[in-house]
Amino acid sequence: MPETQARILVVDDDPIMHAVCRKALADKGYDIVAVTSGRECLDKLRHEVIDLVLLDYKMPDLNGIEVLRLIRTSDDPELGVVIITGKGTMNSAIEAFRLGAQDFVTKPVSSEQLRAVVRQGLEVTRIKRHLRRFAREGKKSRQFEYLVGESAPMQSLFETIIKVSASPISSVLIRGETGTGKSLVAKAIHEGSPRASGPFIQVNCTAIPSDLVEMELFGTEKGAYTDAQERKHGLVEQAQHGTLFLDEIGHVPAAIQPKLLNVIEERKVRRLGGREDIEVDVRIVAATNRNLEKAIDSGDFRADLFYRLNVIPITVPPLRERGRDVLLLAHHFTQGFAKEFGKTVRAVSPMAEKSLISHSWPGNVRELKNAVERAVLLVDRDVLQETDFSLTITTAPVSPSTPESGSQTDWATTSLEEVEKAHILNVLQRAHGNRSHAARILGVSTETLRRKLKEWKQE
Ligand SMILES: Nc1ncnc2c1ncn2[C@@H]1O[C@H](COP(=O)(O)OP(=O)(O)OP(=O)(O)O)[C@@H](O)[C@H]1O
Ligand SMILES: [Mg+2]
Numbered sequence: 078m079p080e081t082q083a084r085i086l087v088v089d090d091d092p093i094m095h096a097v098c099r100k101a102l103a104d105k106g107y108d109i110v111a112v113t114s115g116r117e118c119l120d121k122l123r124h125e126v127i128d129l130v131l132l133d134y135k136m137p138d139l140n141g142i143e144v145l146r147l148i149r150t151s152d153d154p155e156l157g158v159v160i161i162t163g164k165g166t167m168n169s170a171i172e173a174f175r176l177g178a179q180d181f182v183t184k185p186v187s188s189e190q191l192r193a194v195v196r197q198g199l200e201v202t203r204i205k206r207h208l209r210r211f212a213r214e215g216k217k218s219r220q221f222e223y224l225v226g227e228s229a230p231m232q233s234l235f236e237t238i239i240k241v242s243a244s245p246i247s248s249v250l251i252r253g254e255t256g257t258g259k260s261l262v263a264k265a266i267h268e269g270s271p272r273a274s275g276p277f278i279q280v281n282c283t284a285i286p287s288d289l290v291e292m293e294l295f296g297t298e299k300g301a302y303t304d305a306q307e308r309k310h311g312l313v314e315q316a317q318h319g320t321l322f323l324d325e326i327g328h329v330p331a332a333i334q335p336k337l338l339n340v341i342e343e344r345k346v347r348r349l350g351g352r353e354d355i356e357v358d359v360r361i362v363a364a365t366n367r368n369l370e371k372a373i374d375s376g377d378f379r380a381d382l383f384y385r386l387n388v389i390p391i392t393v394p395p396l397r398e399r400g401r402d403v404l405l406l407a408h409h410f411t412q413g414f415a416k417e418f419g420k421t422v423r424a425v426s427p428m429a430e431k432s433l434i435s436h437s438w439p440g441n442v443r444e445l446k447n448a449v450e451r452a453v454l455l456v457d458r459d460v461l462q463e464t465d466f467s468l469t470i471t472t473a474p475v476s477p478s479t480p481e482s483g484s485q486t487d488w489a490t491t492s493l494e495e496v497e498k499a500h501i502l503n504v505l506q507r508a509h510g511n512r513s514h515a516a517r518i519l520g521v522s523t524e525t526l527r528r529k530l531k532e533w534k535q536e
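Sequential numbering from 78 applies to the sequence shown in our numbering.
Right, dumping it as structure tokens:
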């Protein structure tokens, strides 16, 4: 629901208030609908989609609180309501908040104030509706069941996923920083494709020792080597009529790469020790957070395989580019972990939201998920505060205090990789060299951290 298309219902028996609201809000692109009584308001809500109600307290028929109570038992109980009153009493304000009013403001209201409460009210409504839809639809939209996001970059990612899933192409490459959700995207591509009823076989290319990768992927024929007692189907064959997800493709040993190319181009596989090719119908979805162009330059990755995979590249955006999705995800994870740990936590404080938004999330969604998990686990209150997230260490790139840097670093002329390196080394230093601790703070796997350190020759 982009803010500019939101429809706001103004309910006030005083037409001057209608004019005040129109003046303050109409030029912001909101669609304003105005009525003069509580009954008319309820009637409008039954027939039109409204995103926020600005509700007068004192009206001739039903008062604002009575209308609010009826809204909460209607078809759209998450609808945002702001009570605007001529003379606010403490009791009416308490009652309004108890019924979930987003705000309670007293007249006269300035245009600026109106715009601010509307902006906030719409945001809260958006999040609540999303969570409700998510909970209600559950299994209905299996394809995006686990992918939370409403920001523009995520919407366009969803569109790409839908197009790619439906197309008959035989390979897809998913790129993106660590922790952005590449494995969820791979699953969504499978779920949305005509192959969804077939198998989804996931292989983590760094998890299998390199001398076993070939056997695992392509299988063995009886007698292929001394211990091979019987024929073994490889993972490629197991993915027949389905999807083979090669996670961390950048780490597939060089010797295996031409064979994978063969699977994609010729749709054939040969078991180890086998003499015949076996036809396979498998879509390969590969993912990497590695710069494959660089790996090609250094001779670690074959250019022909890269170009073949990269026909349809899908890039998962980093979390810092997803705007308020950070909050959506934070609420989503808070609910999930609260349920899992049996906690009563149900909200994130506005100050904490601010710091979540301004954090740079180098470990992306994984880092956020870990931060929320830790916070929910440790907290005994209902609302998570800024300090519960312990984000201080990674809020901004910290100047590297490496001996050679000497003076302050000029970030404006520093490459992203250098910033990343400085940041990682800094966190590692603060974690007293404890890699698993550092990896947890950074929101990456220890494997990823180890690899990075190795790349930089830090181990
Ligand atoms: N949009 C999202 N909605 C909900 N959960 C998400 C989303 N994106 C990622 N996650 C969660 O964040 C964690 C990290 O995601 P995932 O493992 O898919 O990252 P990745 O891109 O494969 O990272 P890496 O490159 O380090 O392997 C997982 O627990 C995943 O469930
Ligand atoms: Mg992954």
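Glycine residues also receive a C-beta, built at the ideal position from the N, C-alpha and C atoms.
- Counting along the chain, the unbroken alpha helix (DSSP H) around residue 448 starts and ends at 441 to 455.
- Assignment of beta-bridge partners to residue 87 by DSSP yields 111, 131.
- Rounded to the nearest whole angstrom, the CA to CA distance from residue 89 to residue 163 is 11 Å.
- In this model, residue 510 and residue 171 are separated by some 51 Å (Cα to Cα).
- Contact check for residue 444 and residue 519: beta-carbon distance about 7 Å, within the 8 Å limit, so the pair qualifies.
- With contact defined as three or more Cβ pairs closer than 8 Å, the region 323 to 341 and the region 267 to 274 are not in contact.
- A distance criterion of 6 Å places the beta-carbon of residue 376 beyond contact range of ligand 1, judged by its closest non-hydrogen atom.
- Relative to the Cα of residue 193, the nearest Cα in the group 204, 206, 179, 205 belongs to 179.
- DSSP places residue 391 within a strand segment (E or B) once states are collapsed to three.
- Here the C-alpha atom of residue 189 lies approximately 30 Å from the C-alpha atom of residue 138.
- Taking the C-beta atoms as reference points, residue 256 is found no nearer than 7 Å to residue 504.
- For residue 285, the secondary structure class from DSSP, reduced to helix, strand or coil, is coil.
- Between the alpha carbons of residue 396 and residue 281 lies a gap of roughly 23 Å.
- Annotated as proximal: residue 366 and residue 254, with beta-carbon spacing under 7 Å.
- Annotation: the continuous alpha helix (DSSP H) that includes residue 374 extends over 369 to 374.
- Distance check between residue 430 and each of 398, 415, 463, 420 places 463 closest, using alpha-carbon atoms only.
- Between the beta-carbon of residue 115 and that of residue 136 there is about 5 Å, and that keeps the pair under the 8 Å contact cut.
- Residue 370 and residue 497 have their C-alpha atoms roughly 19 Å apart.
- The region 329 to 381 contains, as complete beta strand (DSSP E) runs of 3+ residues, the segments 360 to 365 (chain order).
- For residue 161, the secondary structure class from DSSP, reduced to helix, strand or coil, is strand.
- Between residue 84 and residue 127, the C-beta spacing is below 7 Å.
- With fewer than 16 other beta carbons inside 10 angstroms of its own, residue 183 counts as exposed.
- Exposed is the label assigned to residue 299, since fewer than 16 other Cβ atoms lie within 10 Å of its Cβ.
- Within the same chain, and ignoring the five residues on either side of residue 421 in sequence, the residues whose Cβ sits closer than 6 Å to its Cβ are 459.
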